[in-house]
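K.L.:
Residue numbers for the sequence shown follow this note's numbering, so the first one is 1 and each next one is one higher.
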Amino acid sequence: MKAISYNAYGSADVLEYGERPDPKVGPDTVLVKVRAAAVNPVDWKAREGYLQGGLDAVFPVIPGWDVSGVVVQPGVAVDEFGVGDEVIGYVREDFLSRGTFAEYVAAPVRTLARKPLSLSFEEAAGLPLAGLTAYQVLHRTLKIRDGDTVLVHAAAGGVGSLAVQIARHTGCRVIGTASARNHDHVRSLGAEPVEYGDGLADRLRELVPEGFDAAFDTVGGEALRVSAETLAEGGRLASIADSEVFSYGGRYAFVRPDAADLAQLAELAEQGIVTVHVDRVFPLEQAAEAYRLNQEGRTRGKIVVRVDWDG
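#1: Give me the Cα-Cα distance between SER247 and GLY235, rounded to the nearest whole angstrom.
#2: Verify the CB distance criterion: does VAL32 have a CB-CB separation below 9 angstroms to chain B?
#3: Going by DSSP in three states, PHE95 sits in which element: helix, strand or coil?
#4: Where ALA238 and PRO193 are concerned, what is the direct C-alpha to C-alpha distance, given to the nearest angstrom?
#5: For VAL385, count neighbouring C-beta atoms within 10 Å of its own C-beta (all shown protein chains included) and say buried if the count is 16 or more, exposed if not.
#6: Over the uninterrupted alpha helix (DSSP H) stretch that includes ARG225, give me the two end residues.
#7: Can you check whether the CB of VAL304 is closer than 9 angstroms to the CB of VAL278?
#8: So, are the CB atoms of GLY171 and GLY147 less than 9 angstroms apart?
#9: Between which two residues does the alpha helix (DSSP H) harbouring THR100 extend?
#10: Just the C-alpha distance for PHE212 and TYR104, rounded to the nearest angstrom, thanks.
#11: Go through the region 229-290 residue by residue and report every complete run of the beta strand (DSSP E) that reaches 3 residues or more, in order.
#12: Express the C-alpha separation of GLY190 and VAL87 in angstroms, rounding to a whole number.
#13: Any chance you could list the alpha helix (DSSP H) runs of at least 4 consecutive residues sitting entirely within the region 35-74, in chain order?
#14: Can you give the Cα-Cα distance for ARG20 and ARG145, rounded to whole angstroms?
#15: Just checking, does the region 265-279 make contact with the region 108-126 on the three C-beta pairs under 8 angstroms criterion?
#16: What's the call for TRP65, buried or exposed, on a 16-neighbour Cβ count within 10 Å?
#17: Figure out for me which residue from ALA106, GLU80, ARG225 and GLU16 has the closest Cα to the Cα of ASP22.
#18: Work out the CA separation of ALA241 and ARG187 for me, nearest whole Å.
#19: Return the first residue and the last residue of the alpha helix (DSSP H) that PRO128 is part of.
#20: Comparing alpha-carbon positions, which option in ASP79, GLN52, ASP56 and GLY89 lies nearest VAL70?
#21: Per DSSP, what kind of secondary structure is GLU19 in: helix, strand or coil?
#22: The alpha helix (DSSP H) spanning SER188 covers which residue range?
Structure below.
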């Protein structure tokens, strides 16, 4: 099969497009014909070696954890899916090697859910990792409730935009930080946008003088500090970007594959409650360019790589 892979940690320059062996289908895995795979910041962090303290790399590594596609062969112990089913997945294992930037991926059944019919394959590929991150942080870590006022950083980004929609659906008032060019987009998602930069804490206090019930940091650094400063008494703080959150009494979160959570997200998408904005689509052979663009950190929504099939 055709795939993107790398043989050593490094920049996007280490990514190569070429032939790799077809994946083997284990008893609890599902062979998926990949239609699209989304790019996430954690992908390039893994490629550059930042996750090697927790995840071994078995080279060559095919990157990517997000996928949408079609089942071509379920494992012998799998009865959840059949040939021809359209699926989405957050296909993370406990090591780096068998990713989704390929024509096929053998996905553990615990990582998959049925694809929302209302989403294109490109949109659906952008839902699993970002959507699960938003869903699990908001509901499991921050335990948001109807009536809470919630701060979401980078509200126009992949995780942030989904977090805004999920929090609004829960009945929360949402304040979202974003650059000025993305304020209309953030409003369309249901949040009140606030400009980044100097004076952010003061602007947030003007909007929410009583302080936030919950704050979701996706950026780290100054954004994390401001989040802690503007919490209400007893407010909850979580970060997916900066372990310094512990020093502020908050919690650090890392998304985990969960088929039930993913199915819930898919249902929200099917109902039109959450949408996925796709900023750019690249063919598989140009995945390195997709990664470079993602690493710049200025995109709105998701960057997706598409696998083109004849017919």
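The beta-carbon is built from N, C-alpha and C at its ideal position, and this holds for glycine as well.
Remember, it's a predicted structure, so these values are computed and weren't measured experimentally.
P.N.:
With the given structure in hand:
#1: Within the sequence shown, the letter at position 247 stands for residue 247. Within the sequence shown, the letter at position 235 stands for residue 235. For SER247 and GLY235, the distance between alpha carbons rounds to 15 angstroms.
#2: Looking for chain B here will not work: only one protein chain is present.
#3: Reading the sequence shown from its first residue, position 95 is the one you call residue 95. It is a strand residue.
#4: To locate residue 238, count along the sequence shown from 1; it is residue 238. To locate residue 193, count along the sequence shown from 1; it is residue 193. Going by the C-alpha atoms only, they are around 20 angstroms apart.
#5: This structure gives no information on residue 385, because the portion of the chain shown stretches from 1 to 311.
#6: The residue labelled residue 225 in the question sits at position 225 within the sequence shown. 222-229 is the extent of the alpha helix (DSSP H) around ARG225.
#7: Position 278 of the sequence shown, counting from 1, holds the residue named residue 278. Position 304 of the sequence shown, counting from 1, holds the residue named residue 304. Contact check for VAL278 against VAL304 passes: the beta carbons are separated by less than 9 angstroms.
#8: As a first step, residue 171 is located in the sequence shown; it is residue number 171 there, counting from the start. As a first step, residue 147 is located in the sequence shown; it is residue number 147 there, counting from the start. At the C-beta level, GLY171 and GLY147 come within 9 angstroms of one another.
#9: For the purposes of this step, residue 100 is taken as residue 100 along the sequence shown, with counting starting at 1. THR100 -> no alpha helix (DSSP H), and no H or E assigned at all.
#10: Within the sequence shown, residue 212 is the residue found at index 212, counting from 1. Within the sequence shown, residue 104 is the residue found at index 104, counting from 1. Rounded to the nearest angstrom, the gap between the Cα atoms of PHE212 and TYR104 is 44 angstroms.
#11: Restricted to the region 229-290, the beta strand (DSSP E) segments that are unbroken, complete and at least 3 residues in length are 231-239 and 278-283, listed in chain order.
#12: Here residue 87 refers to the residue found at position 87 of the sequence shown. Here residue 190 refers to the residue found at position 190 of the sequence shown. Going by the C-alpha atoms only, they are around 28 angstroms apart.
#13: Within the region 35-74, the runs of alpha helix (DSSP H) that reach at least 4 residues and sit entirely inside it are, in chain order, 41-47.
#14: Translated into positions along the sequence shown, residue 20 becomes position 20. Translated into positions along the sequence shown, residue 145 becomes position 145. Counting only the Cα atoms, ARG145 lies some 47 angstroms from ARG20.
#15: Contact holds between the region 265-279 and the region 108-126, because three or more Cβ pairs, one in each stretch, are under 8 angstroms apart.
#16: On the sequence shown, position 65 is the one that residue 65 refers to. Buried, by the Cβ-count rule.
#17: For this step, residue 22 is matched to residue 22 along the sequence shown. Nearest option by C-alpha distance: ALA106.
#18: Position 187 of the sequence shown, counting from 1, holds the residue named residue 187. Position 241 of the sequence shown, counting from 1, holds the residue named residue 241. The alpha-carbon of ARG187 is positioned some 24 angstroms away from that of ALA241.
#19: Translated into the one-based positions of the sequence shown, residue 128 becomes position 128. Boundaries of the alpha helix (DSSP H) harbouring PRO128: 128-136, taken from the DSSP string.
#20: Start at 1 with the first residue of the sequence shown, and residue 70 comes out as number 70. Of the listed residues, the one whose Cα sits closest to VAL70 is GLY89.
#21: Working through the sequence shown from its first residue, we reach residue 19 at position 19. Three-state result, GLU19: strand.
#22: What you label residue 188 is simply residue 188 of the sequence shown in a count that begins at 1. Counting along the chain, the alpha helix (DSSP H) containing SER188 begins and ends at 183-189.
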